[in-house]
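Asks:
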Amino acid sequence: MYPRAFHYHRAGSLKDAAATLSQLGDDAKLLAGGQSLIPLMKLRFANPAHLIDLNFISGTSYIKDDNGVLRFGPLTRHAELENSAIVSKVPILHDCAAGIADVQVRNRGTIGGSLAEADPSGDWAVVLSTLATQVRCLGKNGERTVDLKDFIHDAYTTALAHDELVSEVAVKIPAKGSGGAYLAFKRAAPVYPTASAAVQLTMDGSVCKEAAIALGCVGLVAIKGNDAEAALRGQAISEKTLSAAAEAASAAADPQDDMRGSADYKRRLVGALVRRAIDIAVRRARGEQVEVSHIYA
Amino acid sequence: MPETVAKIPVKVTVNGKLHSLDVEPRMLLVEFLREQLDLTGTHVGCDTTYCGACTVLLNGAAVKSCTMFAVQADGAEITTVEGMEKDGQLHPIQKAFGDAYGLQCGYCTPGLMLSTMQLLSKNHEPNEKDMRKAIAGNTCRCTGYQNVLKAMRFAAQSMKGA
Numbered sequence: 001m002y003p004r005a006f007h008y009h010r011a012g013s014l015k016d017a018a019a020t021l022s023q024l025g026d027d028a029k030l031l032a033g034g035q036s037l038i039p040l041m042k043l044r045f046a047n048p049a050h051l052i053d054l055n056f057i058s059g060t061s062y063i064k065d066d067n068g069v070l071r072f073g074p075l076t077r078h079a080e081l082e083n084s085a086i087v088s089k090v091p092i093l094h095d096c097a098a099g100i101a102d103v104q105v106r107n108r109g110t111i112g113g114s115l116a117e118a119d120p121s122g123d124w125a126v127v128l129s130t131l132a133t134q135v136r137c138l139g140k141n142g143e144r145t146v147d148l149k150d151f152i153h154d155a156y157t158t159a160l161a162h163d164e165l166v167s168e169v170a171v172k173i174p175a176k177g178s179g180g181a182y183l184a185f186k187r188a189a190p191v192y193p194t195a196s197a198a199v200q201l202t203m204d205g206s207v208c209k210e211a212a213i214a215l216g217c218v219g220l221v222a223i224k225g226n227d228a229e230a231a232l233r234g235q236a237i238s239e240k241t242l243s244a245a246a247e248a249a250s251a252a253a254d255p256q257d258d259m260r261g262s263a264d265y266k267r268r269l270v271g272a273l274v275r276r277a278i279d280i281a282v283r284r285a286r287g288e289q290v291e292v293s294h295i296y297a
Numbered sequence: 001m002p003e004t005v006a007k008i009p010v011k012v013t014v015n016g017k018l019h020s021l022d023v024e025p026r027m028l029l030v031e032f033l034r035e036q037l038d039l040t041g042t043h044v045g046c047d048t049t050y051c052g053a054c055t056v057l058l059n060g061a062a063v064k065s066c067t068m069f070a071v072q073a074d075g076a077e078i079t080t081v082e083g084m085e086k087d088g089q090l091h092p093i094q095k096a097f098g099d100a101y102g103l104q105c106g107y108c109t110p111g112l113m114l115s116t117m118q119l120l121s122k123n124h125e126p127n128e129k130d131m132r133k134a135i136a137g138n139t140c141r142c143t144g145y146q147n148v149l150k151a152m153r154f155a156a157q158s159m160k161g162a
């Protein structure tokens, strides 16, 4: 399958890319990892007249621990995040990076591209919304910082102006005593999850002090599990609180029937994932090593 | 849609040989390999970033060549299945796939072998989970994967001393 013909531009710097975007207007798109964009172009759902390739810009792929804040270059590949010792300090980030699609896609796909694409089934937005995450946006008039919660507006729609791009993703490392987990249920590795759940808890002994829960693939954007969080906050984790959180998560989900399953199935599934993710998050908050990868049907 | 699109010069090293060609920007890497260089061992399966039949190594990393434009490979080193054998000798991974009956129709095999190659270049003693994870992006509809995993074990063993 061939995409429609397009003009190819190779950006020399992120600034250069933003300037080219501004000059070419709405018909131009950025090419980062291309693992969502190229399939969309081949199916002709996206038909940009111009592609601006970011892959030849040096210094756009990095992972830094900057005094308790992890800084990721926009073109940092999922595989680089998966194999990073720094990223493994925040297990929920490793869960996400190591579970996206398959080896080949992780070798190309980027964290900046995933957030900027804002696919309703994307993984990064779900996980990062349970942490203190900021997105740096670069345009021709300079850079600004946007909180992730204000960054994604709707499916495929972000706070980025047409001539802006993601220049960095910054994530605060959770304090000691905090633990998290991300679980996605997939029919096979290369496909998008049927549903996913991200849970980050701050524990004080057996009592949950703070909880952040987000649900993926069950709405047009990652859904914040406000009621599920409230069911845990200030409570000892028990069968009763687990069930309350899972039920609240199921109720918060807004899934659609599709080939991955019925809405009712997905609602039940996401509740079960939340329950399991809480269990792993609690164990990790205690300092236990728990290995997690996505669950395949 | 643009009426006329400028072709872009690319220099790509494929299996150790440098190729300089002008390509249309929309040409996919897999078509470049198959149509321009006649390297038809890289297969087109699903053409939708699912099956992994088009897997090649890009600077040593497995990628789906149906999900990358040829212009993006400018300056890169590509390894396809044709580049695995050396001096008429099969690569240990190729030999292992034969010895273990790790293929039936063979359509997915080039992709599976290159995914195996990436794995074994970084991990000389992969466990069962490492192996399953390494080929999770390669679909095989004949073997049921058991003999593929056996082939991967054979290959890891024979390459350990190398």
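Protein chains in written order, with the working numbering: chain C, 1 to 297; chain V, 1 to 162.
For each residue, glycine too, the CB sits at the ideal point set by N, CA and C.
Could you give the distance in angstroms between the alpha-carbon of Glu-164 (chain C) and the alpha-carbon of Gly-98 (chain V)?
Replies: Position 164 of the first sequence holds residue 164 (chain C). Position 98 of the second sequence holds residue 98 (chain V). For Glu-164 (chain C) and Gly-98 (chain V), the distance between alpha carbons rounds to 52 Å.
Asks: Based on Cα-Cα distance, which residue from C:Asp-65, C:Ala-79, C:Ile-100 lies nearest to Ile-86 (chain C)?
Replies: Numbered from its first residue, the first sequence carries residue 86 (chain C) at position 86. Of the candidates C:Asp-65, C:Ala-79, C:Ile-100, the one whose C-alpha sits nearest the C-alpha of Ile-86 (chain C) is C:Asp-65.
Asks: Please go through the same chain and pick out, in chain order, the residues whose beta-carbon is closer than 6 Å to the beta-carbon of Phe-151 (chain C), but skip the five residues on each side of it.
Replies: As a position in the first sequence, residue 151 (chain C) is number 151, starting the count at 1. Hits under 6 Å: Val-135, Thr-158, Ala-159.
Asks: Leaving aside the five residues before and after Ser-22 (chain C) along the sequence, list all residues of the same chain whose C-beta is less than 6 Å from its C-beta, in chain order.
Replies: The residue given as residue 22 (chain C) occupies position 22 in the first sequence. Lys-140, Asp-163.
Asks: Quick test of the definition: if touching needs 3 or more C-beta pairs under 8 Å, does the region 72 to 86 of chain V touch the region 125 to 140 of chain V?
Replies: No: the two stretches stay apart, fewer than three of their Cβ pairs being nearer than 8 Å.
Asks: What number of angstroms, rounded off, separates the C-alpha of Gly-113 (chain C) from the C-alpha of Gly-88 (chain V)?
Replies: For the purposes of this step, residue 113 (chain C) is identified with residue 113 of the first sequence, where counting begins at 1. For the purposes of this step, residue 88 (chain V) is identified with residue 88 of the second sequence, where counting begins at 1. Taking the straight line joining both Cα atoms gives about 42 Å.
Asks: Counting only the same chain and skipping the five closest in sequence on each side, list residues whose C-beta sits under 6 Å from that of Pro-9 (chain V).
Replies: The residue given as residue 9 (chain V) occupies position 9 in the second sequence. So the qualifying residues of the chain are Asp-22.
Asks: How would you label Cys-217 (chain C), buried or exposed, when you count the other beta carbons within 10 angstroms and need 16 or more for buried?
Replies: Counting from one through the first sequence, the residue named residue 217 (chain C) turns up at place 217. Result: buried.
Asks: Restricting to Cα atoms, I'd like to know which of C:Phe-45, C:Met-41, C:Ala-11 is closest to Gly-59 (chain C).
Replies: Start at 1 with the first residue of the first sequence, and residue 59 (chain C) comes out as number 59. Checking every option, the nearest Cα to that of Gly-59 (chain C) belongs to C:Ala-11.
Asks: Please check if any C-beta of chain V sits within less than 8 Å of the C-beta of Pro-120 (chain C).
Replies: Within the first sequence, the letter at position 120 stands for residue 120 (chain C). False, the Cβ-Cβ gap to chain V never drops below 8 Å.
Asks: Quick one: grab the DSSP three-state call for Lys-95 (chain V).
Replies: Here residue 95 (chain V) refers to the residue found at position 95 of the second sequence. In the structure shown, Lys-95 (chain V) sits in a helix (DSSP, three-state: H, G or I).
Asks: Taking one C-beta from the region 26 to 46 of chain V and one from the region 280 to 287 of chain C each time, how about it: are there three or more such pairs within less than 8 Å?
Replies: These segments do not touch.
Asks: Can you pull the chain C residues whose beta carbon is under 9 Å from the beta carbon of Asp-130 (chain V), in chain order?
Replies: Start at 1 with the first residue of the second sequence, and residue 130 (chain V) comes out as number 130. Here the premise fails: no neighbours, minimum Cβ distance about 11 Å.
Asks: Nearest to Ala-254 (chain C) by alpha carbon, out of C:Glu-229, C:Gly-180, C:Leu-30, C:Gly-225?
Replies: Position 254 of the first sequence, counted from the start, is the residue given in the question as residue 254 (chain C). In the sequence as displayed, the identity of residue 254 (chain C) is Asp instead of Ala. Comparing Cα positions, the closest option is C:Gly-225.
Asks: Tell whether a beta-carbon distance below 8 Å holds between Leu-300 (chain C) and Val-169 (chain C).
Replies: Outside the shown range of chain C (1 to 297) lies residue 300 (chain C), about which nothing can therefore be said.
Asks: Please tell me whether Gly-12 (chain C) has its Cβ less than 8 Å away from any Cβ of chain V.
Replies: Along the first sequence, one-based indexing puts residue 12 (chain C) at 12. Taking Cβ atoms only, chain V never reaches closer than 8 Å to Gly-12 (chain C), which makes this a no.
Asks: Are any of the Cβ atoms in chain V nearer than 8 Å to that of Gly-34 (chain C)?
Replies: Your numbering for residue 34 (chain C) matches position 34 in the first sequence. True, the Cβ-Cβ gap to chain V drops below 8 Å.
Asks: Give the single residue among C:Val-69, C:Ile-213, C:Thr-202, C:Ser-196 whose Cα lies nearest to the Cα of Arg-268 (chain C).
Replies: By 1-based counting over the first sequence, the position of residue 268 (chain C) is 268. Comparing Cα positions, the closest option is C:Ser-196.
Asks: I'd like to confirm the pairing. Which residues does DSSP put opposite Glu-77 (chain V) in its beta bridges?
Replies: To locate residue 77 (chain V), count along the second sequence from 1; it is residue 77. Per DSSP, V:Thr-13.
Asks: Which residue comes first and which comes last in the beta strand (DSSP E) that contains Arg-10 (chain C)?
Replies: The sequence position of residue 10 (chain C) within the first sequence is 10, counting from 1. Unbroken beta strand (DSSP E) run through Arg-10 (chain C): 7 to 10.
Asks: Is the beta carbon of Val-103 (chain C) closer than 8 Å to that of Ala-198 (chain C)?
Replies: On the first sequence, position 198 is the one that residue 198 (chain C) refers to. On the first sequence, position 103 is the one that residue 103 (chain C) refers to. Going by C-beta atoms, Ala-198 (chain C) is not nearer than 8 Å to Val-103 (chain C).
Asks: If we cut at 8 Å on Cβ distances, does Ala-101 (chain C) have a partner in chain V?
Replies: On the first sequence, position 101 is the one that residue 101 (chain C) refers to. For Ala-101 (chain C), the answer is yes, since a Cβ of chain V falls inside 8 Å of its Cβ.
Asks: Does DSSP put Val-166 (chain C) in a helix, in a strand, or in coil?
Replies: For the purposes of this step, residue 166 (chain C) is identified with residue 166 of the first sequence, where counting begins at 1. Val-166 (chain C) falls in the strand class under three-state DSSP.
Asks: Under a three-way DSSP split, which group does Phe-56 (chain C) fall into?
Replies: Your numbering for residue 56 (chain C) matches position 56 in the first sequence. Of the three classes helix, strand and coil, the one that applies to Phe-56 (chain C) here is coil, per DSSP.
Asks: Ignoring anything shorter than 3 residues, give me the beta strand (DSSP E) runs that lie fully in the region 152 to 199 of chain C, in order along the chain.
Replies: If we require 3 residues or more, the beta strand (DSSP E) runs fully inside the region 152 to 199 of chain C come out as 152 to 154, 165 to 172, 178 to 186.
Asks: In the structure shown, what three-state DSSP assignment does Ser-20 (chain V) receive?
Replies: Taking the first residue of the second sequence as 1, we reach residue 20 (chain V) at position 20. The answer is strand: DSSP assigns Ser-20 (chain V) an E or B state.
Asks: Quick check on Arg-302 (chain C): does DSSP put it in helix, strand or coil?
Replies: Missing from the structure shown is residue 302 (chain C); chain C here goes from 1 to 297 and no further.
Asks: Mind reading off the beta-carbon distance from Gly-45 (chain V) to Tyr-107 (chain V)? Whole number of angstroms is fine, and I expect it under 8 Å.
Replies: Within the second sequence, the letter at position 45 stands for residue 45 (chain V). Within the second sequence, the letter at position 107 stands for residue 107 (chain V). Right, their Cβ atoms sit about 7 Å apart.
Asks: Do Arg-141 (chain V) and the ligand GDP come close, with the Cβ less than 7 Å from some heavy atom?
Replies: The ligand GDP is absent from the structure shown, which contains no ligands of any kind.
Asks: Quick check: the Cα distance between Thr-48 (chain V) and Ala-251 (chain C), rounded to an integer number of angstroms?
Replies: Numbered from 1 along the second sequence, position 48 holds the residue referred to as residue 48 (chain V). Numbered from 1 along the first sequence, position 251 holds the residue referred to as residue 251 (chain C). If I take the Cα positions, the gap works out to 34 Å.
Asks: According to DSSP, Arg-136 (chain C) sits in a beta bridge with which residue or residues?
Replies: If you number the first sequence from 1, residue 136 (chain C) lands on position 136. According to DSSP, Arg-136 (chain C) bridges with C:Thr-145, C:Glu-168.
Asks: Taking just the CA atoms, how far does Gly-52 (chain V) sit from Ala-188 (chain C)?
Replies: Counting from one through the first sequence, the residue named residue 188 (chain C) turns up at place 188. Counting from one through the second sequence, the residue named residue 52 (chain V) turns up at place 52. Taking the straight line from one Cα to the other gives about 13 Å.
Asks: Which term fits Arg-106 (chain C), buried or exposed, when burial requires 16 or more other beta carbons within 10 angstroms of its beta carbon?
Replies: Here residue 106 (chain C) is taken as the residue at index 106 of the first sequence, counted from 1. Result: buried.
Asks: Comparing C-alpha positions only, which one of V:Tyr-101, V:Arg-141, V:Val-148 sits nearest to Ser-115 (chain V)?
Replies: Position 115 of the second sequence, counted from the first residue, corresponds to residue 115 (chain V). Comparing Cα positions, the closest option is V:Val-148.
Asks: In whole angstroms, what is the alpha-carbon distance linking Ser-293 (chain C) and Arg-283 (chain C)?
Replies: Along the first sequence, one-based indexing puts residue 293 (chain C) at 293. Along the first sequence, one-based indexing puts residue 283 (chain C) at 283. Taking the straight line from one Cα to the other gives about 16 Å.
Asks: So the candidates are C:Phe-185, C:Gly-180, C:Lys-186; which of them puts its Cα closest to the Cα of Gln-200 (chain C)?
Replies: By 1-based counting over the first sequence, the position of residue 200 (chain C) is 200. Looking at the Cα atoms, C:Gly-180 is the closest of the given residues.
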